[in-house]
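Read in this note's numbering, the sequence shown has 916 at position 17, and its numbers run on one by one without any break. Backbone N, C-alpha and C fix where the C-beta goes; we use that ideal spot for every residue, glycine too.
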Amino acid sequence: LNSGAHANPCLAGDTIRAWSEVLDKAQTDAPGVGALRLRLVATKGGKPFDLRADDGKYLPEVLLDLDYWVLIPL
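Next up, the structure:
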């Protein structure tokens with residue numbers, strides 16, 4: 900996990916939507932294994948892909964914003 904924010908709470912009845920973005924890729928020393936750096940954003944409504952207000956703070960609809968690496972088979 901490189902960084903992340905649990906920006907706002909989620910309540911019962913909220914509809915959650917999430918999207919991922921590939922930020923980087925890398926080779927590993929393990930044969931047949933690669934790595935992807937991903938960003939995962941979860942929101943509860945609002946416009947898709949809108950994350951921050953003009954003041955730089957997360958919008959109230961943004962629940963989670965994570966930056967992490969995963970290993971994948973090649």
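Within the same chain, Cβ atoms closer than 7 angstroms to the Cβ of serine 902 are found at Asp966, the five residues on either side in sequence being excluded.
Shown here, threonine 927 sits in coil according to DSSP, grouped into three states, outside any helix or strand. Per the DSSP secondary-structure output, aspartate 966 pairs in a beta bridge with Ser902 and Arg938.
Here the alpha carbon of lysine 943 sits roughly 23 angstroms from the alpha carbon of leucine 922. Note on geometry: alpha-carbon atoms of glycine 933 and valine 969 lie some 8 angstroms from one another.
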